[in-house]
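Take a look at the structure set out below.
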Amino acid sequence: MKAEREDWFEAQDELDPDRLVFLDETATTTNMVRRYGWAVRGERCRVAVPHGHVWTPPGVQAKSLYRRCA
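Under UniProt numbering, the sequence shown has 37 at position 37, and the numbering climbs by one with no breaks.
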């Protein structure tokens, strides 16, 4: 296994950066939403935010060197 790892590490110099794609996964929970906000004086601040349960929507992106792919 160590030899395979070393071979892979040394082969990285041959990789073309323009052809690499990185997968990025992230998630945020709905209980991280602010429960207060700002409004014009005398007006009520109304914002629709999820509440009552915690939901974690996942987010996955494919990124290349110059742009997002998906």
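Note that beta-carbon positions come from the ideal geometry of N, C-alpha and C, so glycine has one too.
Taking just the CA atoms, how far does residue j sit from residue i?
{"i": "E10", "j": "M32", "result": "43 angstroms"}
{"i": "V49", "j": "K2", "result": "50 angstroms"}
{"i": "W55", "j": "T28", "result": "8 angstroms"}
{"i": "residue 71", "j": "S64", "result": "Given that the chain is displayed from residue 1 to residue 70, the structure contains no residue 71 and the question cannot be resolved."}
{"i": "R41", "j": "P57", "result": "34 angstroms"}
{"i": "W38", "j": "C45", "result": "6 angstroms"}
{"i": "C69", "j": "W8", "result": "25 angstroms"}
I'd like to check one pair, residue j with residue i: are the Cβ atoms closer than 9 angstroms?
{"i": "V60", "j": "L23", "result": "yes"}
Worksheet item: Where are the beta strand (DSSP E) runs, 3 residues long or more, that stay fully inside the region 11-66, in chain order?
Response: 22-27, 58-63
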